[in-house]
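**Student:** To start, I am sharing the structure in question, which I have written as structure tokens.
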Amino acid sequence: MKSFGAPALVSLVLAALLAYNVHAISQVSRTGRYLYTADGSRFYIKGVAYQQQGIVTDTSANNPFGEPSTFIDPLADASGCARDLPYLTQLGVNTVRVYSVDSTQNHDSCMSALSGAGIYTIIDLTLPLNGSIDRSSPAWSTNLLDQYLATIDAFSKYDNVLAYNVGNEVVNSSSNTNVAPFVKAAARDIKAYLTAKKSNVLIGYAAIDGSDDFRDPLANYFSCDPSNTNSGSTAIDLFGLNNYEWCGNSTFEGSYSDTENSFAGYNVAAYFSEYGCVPPSGARPWTEVAALLSSDMSPVWSGGIAFSYFPAASAAGQFGMITLSSDNKTVSTTTDFTNLATEYGAAAPPNTPAQASAAAAAFPSCPTQNSTFLASTTLPATPNLSACECLESGLSCQFTPVVSDYTVVAGQLINTACGLLGQSGGTCSDIAADGAAGTYGLISGCDPTVKLSYVMSKYYESQNRNVQACSFAGNGTVNSHASTSVSATSVASSCIASPSATFAPTAPASTTKSSSTGTTTSAGGPKKNGASTLVGGGFVGMVSMGVVVVVSGMWTVM
Ligand SMILES: *[C@@H]1O[C@H](CO)[C@@H](O)[C@H](O)[C@H]1NC(C)=O
Ligand SMILES: *[C@@H]1O[C@H](CO)[C@@H](O)[C@H](O)[C@H]1NC(C)=O
Ligand SMILES: *[C@@H]1O[C@H](CO)[C@@H](O)[C@H](O)[C@H]1NC(C)=O
Ligand SMILES: *[C@@H]1O[C@H](CO)[C@@H](O)[C@H](O)[C@H]1NC(C)=O
Ligand SMILES: *[C@@H]1O[C@H](CO)[C@@H](O)[C@H](O)[C@H]1NC(C)=O
Ligand SMILES: *[C@@H]1O[C@H](CO)[C@@H](O)[C@H](O)[C@H]1NC(C)=O
Ligand SMILES: *[C@@H]1O[C@H](CO)[C@@H](O)[C@H](O)[C@H]1NC(C)=O
């Protein structure tokens, strides 16, 4: 009789693990400002953006990069990945960047196929529309935190996630650098979450290129230490620059040397999170690959992501290096594809410095605020879901959306409610946040719908709890479970007891709300070139709340 005891099982498992390890993709880690594989070789990103463009509903000048409103998750499309893998291999890429993924879908097939081919993924945690920090009314709040954590949880079992990006081009000019503290807080909280899970995946941000007077301090801000104790707890690991300076046949001196100089002292790893300008005529020669992956650039940069595998259109041109047949089954390559494959194949960046001699990163103090760089070093708190749920359940008047896609309506209603509240002598300061002043309202970290319920409740209470004052044309409902003698303000101060606390967040028990219909919200597309901050579709009302401030003079932050 055969004994199939523990030792046999253990050795079977060990054998399986060993067999797996033979093929396992190497873990990449950061030492100082360089990336290394497990054997100590320098790791350079030879990448390509990999996501079909979603539907672009706003084609106005307000949306120069063609940021889409929908996305198609390429890592959930098993047959698409199987179709594309031979082409990604021909291109010679070791990394794909994906701008939006659907955490409710299954990614096993694509992730394991990519891993088996030695291809890492850089995954943006943001989604179109309300799934990213909104540059015109920024907040770092429970809804976004939960979305980011749900994505991390969905991908934590794979061995080929190189980095998670907490934003793409959220700050897009000097005038909205006040949005940076919200992004830095996101990096801090995601870092704490990954550290608690013992994950070594890098935390990144992908920046728009632009004038040095905000681009450079922004890069330094994301990797700085506001506490001046050389701590990296709020610092990203991987700075991405979306750089299109090299067009056609250029030279390092002509296109890149200024950028190289600007980043000469950068403290963490950096790469081009997008590159590949479309010249006025002719195919892209991709000759910049030889410059990017050379000793001219290797002191600062660890490669880049060519934009883009799939076709994508924007004001800057028609990108893409393959086309699909109308049934999506067959790939045709273009001259851009062949040229990029040749250039990646020929690239031979130096394997220096050795990991042992690479200096550990120092985390310097943050850039000083000035007229072209507005970001405060006081960051918003970690969003506290249980505190916001406590608040929501205790409020006297609750937003009860009548449509499932409530983002725009909620924005309009916040405007309406703040306007009414202002006329009756109240303010909306508790829901406001100001990244230039470094002041964050008591409930600025809650979901927008909770903020709305809070403002509705304050208005309803200001009207002596007249039922009509909670109606908001059918969008509000009196909460019969709430005490009629307790105000919204006091519910908030008891639920949100430590409003500026930072801590390692935990994922919501039941990767909750998203469970809904599992709608093919999928769809994704590189935003812009992939941008991830929604332009028009976000929490629209918050934008015009600024108007309330001006008009009523009541709406001041804290
Ligand atoms: C920045 O984003 C806004 C929309 O939020 C857009 O109108 C503007 O054109 C963008 N600016 C740049 C330089 O991309
Ligand atoms: C603001 O500071 C940054 C460096 O942090 C600098 O590049 C920029 O030129 C400064 N802006 C002004 C208006 O002085
Ligand atoms: C780049 O140079 C090559 C070789 O001289 C030439 O064939 C190609 O047309 C040039 N491409 C562009 C976009 O200028
Ligand atoms: C091809 O793929 C696109 C994007 O995923 C999709 O919109 C389209 O319906 C597909 N066409 C067919 C015939 O499957
Ligand atoms: C989050 O809020 C809850 C509810 O008020 C509170 O019990 C908890 O201590 C808060 N967590 C942190 C880390 O501040
Ligand atoms: C975006 O809005 C939709 C409803 O319109 C909601 O289901 C989703 O949870 C929201 N996402 C975030 C991150 O707030
Ligand atoms: C809810 O609010 C929106 C936006 O203010 C409004 O258009 C709508 O009529 C309201 N009522 C219902 C039942 O949706």
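Heads up: the sequence shown runs through residues -24 to -1, 1 to 534, numbered per mature numbering (1 follows the signal peptide of the UniProt record, and there is no 0).
C-beta atoms are modelled at their ideal positions from N, C-alpha and C, and glycine is treated no differently.
Nothing here was measured: the structure is a model prediction, and the numbers come from that model.
Taking the runs of the beta strand (DSSP E) that are 3 residues or longer, which of them lie wholly in the stretch 215 to 292?
**Tutor:** If only uninterrupted beta strand (DSSP E) runs of at least 3 residues are considered, those enclosed by the stretch 215 to 292 are 245 to 251, 277 to 282 and 288 to 290.
**Student:** Touching or not, the stretch 166 to 173 and the stretch 55 to 71, by the rule of three or more beta carbon pairs under 8 Å?
**Tutor:** no
**Student:** Cβ of residue 144 within 8 Å of Cβ of residue 383?
**Tutor:** Here residue 144 is not near residue 383, since their CB atoms are 8 Å or more apart.
**Student:** Using only Cβ atoms and a threshold of 6 Å, which residues come within that distance of a heavy atom of ligand 5? Order them by chain position.
**Tutor:** 360, 362, 363, 366, 471, 473, 474, 477 and 479
**Student:** Under the rule that 16 or more other beta-carbon atoms within 10 Å means buried, what is residue 229, buried or exposed?
**Tutor:** exposed
**Student:** Assuming residue 467 and residue 367 form a contact by the criterion Cβ under 8 Å, report the distance between their Cβ atoms to the nearest whole angstrom.
**Tutor:** Contact between residue 467 and residue 367 is confirmed by a C-beta separation of about 6 Å, below the 8 Å threshold.
**Student:** Would residue 198 be called buried (16 or more neighbouring beta carbons within 10 Å of its own) or exposed?
**Tutor:** buried
**Student:** Spatial neighbours of residue 207 within its chain, please: C-beta separation below 7 Å, excluding the five flanking residues on both sides.
**Tutor:** 201 and 339
**Student:** Any heavy atom of ligand 7 closer than 7 Å to the Cβ of residue 451?
**Tutor:** Yes, ligand 7 has a heavy atom inside 7 Å of this Cβ.
**Student:** Let me check you understand the geometry: is the CB of residue 346 closer than 7 Å to at least one non-hydrogen atom of ligand 2?
**Tutor:** yes
**Student:** So, with DSSP's three-state summary, where would you put residue 20?
**Tutor:** coil
**Student:** Hey, how far is the Cα of residue -4 from the Cα of residue 32?
**Tutor:** Legend: pLDDT at residue -4 = 45, less than 50; position of this residue unreliable, no value from coordinates given.
**Student:** For residue 293 and residue 29, I'd like the C-alpha separation in whole angstroms.
**Tutor:** 14 Å
**Student:** Of the residues 309, 246 and 379, which one's Cα is nearest the Cα of residue 537?
**Tutor:** Outside the shown range of the chain, which is -24 to 534, sits residue 537, and nothing can be said about it.
**Student:** Where does the unbroken alpha helix (DSSP H) through residue 373 begin, and where does it stop?
**Tutor:** No alpha helix (DSSP H) holds residue 373; the beta strand (DSSP E) holding it covers 373 to 375.
**Student:** At which residues does the alpha helix (DSSP H) containing residue 37 begin and terminate?
**Tutor:** First-last for residue 37: undefined, no H or E at that position.
**Student:** Which residues does DSSP pair with residue 180 in a beta bridge?
**Tutor:** 141 and 214
**Student:** List, from N- to C-terminal side, the alpha helix (DSSP H) runs of 4 residues or more that fit wholly inside the stretch 292 to 341.
**Tutor:** If we require 4 residues or more, the alpha helix (DSSP H) runs fully inside the stretch 292 to 341 come out as 311 to 322.
**Student:** Residues in the same chain with beta-carbon distance under 6 Å from residue 129, minus the five sequence neighbours each way, listed in chain order, please.
**Tutor:** 483
**Student:** Does the pairing of the stretch 51 to 64 with the stretch 266 to 275 give three or more beta-carbon distances under 8 Å?
**Tutor:** no
**Student:** Near ligand 4, which residues have their beta-carbon closer than 7 Å to a heavy atom?
**Tutor:** 28, 48, 300, 302, 303 and 304
**Student:** Less than 7 Å between C-beta atoms, sequence neighbours within five positions excluded: which residues of the same chain meet that for residue 511?
**Tutor:** Bear in mind that a pLDDT of 27 at residue 511, under 50, signals an unreliable position, so the number given afterwards is only what the model happens to contain. Cβ within range, chain order: 34, 38, 39 and 43.
**Student:** Tell me the residue span of the alpha helix (DSSP H) that contains residue 397.
**Tutor:** Its alpha helix (DSSP H) spans residues 383 to 399.
**Student:** Considering only the alpha carbon of each residue, which of 115, 177 and 160 lies closest to residue 127?
**Tutor:** The candidate whose alpha carbon is nearest that of residue 127 is 177.
**Student:** May I ask you to list the residues that DSSP assigns as paired with residue 409?
**Tutor:** 416
**Student:** Would residue 147 and residue 179 qualify as a contact pair, given that the criterion is a beta-carbon distance under 8 Å?
**Tutor:** The Cβ atoms of residue 147 and residue 179 do not sit closer than 8 Å to each other.
**Student:** Please determine, among 421, 320, 305 and 86, the residue with the shortest C-alpha to C-alpha distance to residue 356.
**Tutor:** 421
**Student:** Could you check what DSSP says for residue 201 in three-state terms: helix, strand or coil?
**Tutor:** coil
**Student:** Going by Cα to Cα distance, which pick from 98, 124, 131 and 263 is closest to residue 159?
**Tutor:** Closest option to residue 159, Cα to Cα, is 124.
**Student:** Determine the contact status of residue 6 and residue 385, defining contact as a CB-CB distance below 8 Å.
**Tutor:** no
**Student:** Check each candidate in 412, 223 and 330 and name the one with the smallest Cα separation from residue 10.
**Tutor:** 330
**Student:** Count the other CB atoms, across all protein chains shown, that sit within 10 Å of the CB of residue 213; report buried if there are 16 or more and exposed otherwise.
**Tutor:** With 16 or more Cβ atoms within 10 Å of its Cβ, residue 213 is classed as buried.
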